[in-house]
Amino acid sequence: MSAAPAAPRAVSADRTPGRGTDLLLSPPVPRAGWRLLPARVVAMCAVELQKLRHDRTELYTRAVQPALWLLIFGQTFTRIRAIPTGGVPYIDFMAPGIIAQSAMFIAIFYGIQIIWERDAGILNKLLVTPTPRSALITGKAFAAGVKSLVQAIVVIVIAAVLGVALTWNPLKLLGVAAAVVLASVFFSCLSMTIAGIVLSRDRLMGFGQAITMPLFFGSNALYPVSVMPGWLQAVSKVNPLSYQVDALRGLLLGTPAHLGADFAVLAVAAALGITAASSLLGRLAR
Numbered sequence: 159m160s161a162a163p164a165a166p167r168a169v170s171a172d173r174t175p176g177r178g179t180d181l182l183l184s185p186p187v188p189r190a191g192w193r194l195l196p197a198r199v200v201a202m203c204a205v206e207l208q209k210l211r212h213d214r215t216e217l218y219t220r221a222v223q224p225a226l227w228l229l230i231f232g233q234t235f236t237r238i239r240a241i242p243t244g245g246v247p248y249i250d251f252m253a254p255g256i257i258a259q260s261a262m263f264i265a266i267f268y269g270i271q272i273i274w275e276r277d278a279g280i281l282n283k284l285l286v287t288p289t290p291r292s293a294l295i296t297g298k299a300f301a302a303g304v305k306s307l308v309q310a311i312v313v314i315v316i317a318a319v320l321g322v323a324l325t326w327n328p329l330k331l332l333g334v335a336a337a338v339v340l341a342s343v344f345f346s347c348l349s350m351t352i353a354g355i356v357l358s359r360d361r362l363m364g365f366g367q368a369i370t371m372p373l374f375f376g377s378n379a380l381y382p383v384s385v386m387p388g389w390l391q392a393v394s395k396v397n398p399l400s401y402q403v404d405a406l407r408g409l410l411l412g413t414p415a416h417l418g419a420d421f422a423v424l425a426v427a428a429a430l431g432i433t434a435a436s437s438l439l440g441r442l443a444r
């Protein structure tokens with residue numbers, strides 16, 4: 159009688175023994191700072207886009223004010239020709255200023271959100287993660303830039319419907335997007351810096367309302383710098399909104415502009431804003 163055949167040796171399906179348990183024996187390697195920062199920025203921007211997709215009410219309500227500026231103020235002053243604009247219709251001249259204004263109004267109150275996150279306990283949870291504070295601030299600042307960019311697109315569409323002669327060159331529109339995002343990064347970081355100082359939503363609302371109008375009227379959004387009194391011209395030269403408006407006019411209307419200097423000032427202002435807000439972020443969590 160022949161012997162029974164021997165059972166075949168059991169072979170593991172994993173051809174590299176121990177590979178599946180590597181993560182149990184050693185912790186995953188953390189991301190380097192240069193990889194963490196873009197990931198955080200993308201995550202924050204994705205969150206803002208999700209908010210806009212689920213609730214578009216803010217877009218509709220915020221579009222009312224720039225539409226009134228263009229429809230009433232712009233068309234009225236175009237008829238009376240009281241402000242010298244170098245041969246450009248006044249409604250065309252002021253359209254880039256209104257785009258900048260609407261984007262600034264979104265970003266300048268962004269500190270309220272970070273105070274709300276502090277009160278809800280979300281900020282403390284974010285601060286105990288390995289994410290650098292600069293990455294958190296940069297992510298939130300660029301998320302504000304995304305919201306401002308969506309608002310700027312709405313205002314550009316309204317201006318086009320009202321007959322404003324804007325360019326549709328894709329490269330110039332990319333430049334417009336960059337100018338809007340950089341300026342929004344600065345203004346949102348300014349708001350978060352003030353939030354780190356005042357530590358209260360009510361106080362932040364008061365400071366925000368106190369600085370928005372001086373920033374707007376102390377810029378070249380509604381009138382050229384040449385017609386301003388001397389002291390206001392000095393204010394305009396240190397106002398980042400003036401450089402944003404100058405860049406938007408040069409890109410959208412083709413008027414003479416100093417694009418290199420404009421983008422340099424906006425980039426430096428954004429970097430300084432991120433640094434200042436990051437240094438005060440821990441104060442909010444105390």
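In this note's numbering, the protein residues as written are 159 to 444.
By construction, the Cβ of each residue, glycine as well, lies at the ideal position given by its N, Cα and C atoms.
Judged by beta-carbon spacing, isoleucine 266 lies beyond the 7 Å limit of arginine 359, meaning their Cβ atoms are not closer than that value.
Serine 346 and glutamate 275 have their C-alpha atoms roughly 15 Å apart. Annotation: the continuous alpha helix (DSSP H) that includes glycine 333 extends over 328-356. Secondary structure note for valine 319: its alpha helix (DSSP H) is the uninterrupted segment 291-319. Rounded to whole angstroms, the gap between the alpha carbons of glutamine 402 and aspartate 277 is 34 Å. For valine 426, the secondary structure class from DSSP, reduced to helix, strand or coil, is helix. Separation of leucine 348 and leucine 329 (C-alpha to C-alpha, rounded to the nearest whole angstrom) is 29 Å. Judged by DSSP secondary structure, glycine 255 falls within the alpha helix (DSSP H) whose first and last residues are 248-265.
Per DSSP, proline 414 lies in no alpha helix (DSSP H) and is assigned neither H nor E. Taking a C-beta distance under 7 Å as the contact criterion, valine 322 and isoleucine 249 qualify as a contact pair. Around valine 383, the same chain offers Gln391, Ser394 as residues with beta carbons nearer than 7 Å, after the five sequence neighbours per side are excluded. By the neighbour-count definition (other C-beta atoms within 10 Å, threshold 16), arginine 198 is a buried residue. The segment 285-293 makes contact with the segment 428-441: 3 or more CB pairs, one atom from each, lie closer than 8 Å. Taking 7 Å as the cut-off, the Cβ atoms of cysteine 203 and alanine 336 do not count as close. Exclusion of the five residues before and after asparagine 282 leaves Ala443 as the residues of its chain whose Cβ lies within less than 7 Å of its Cβ.
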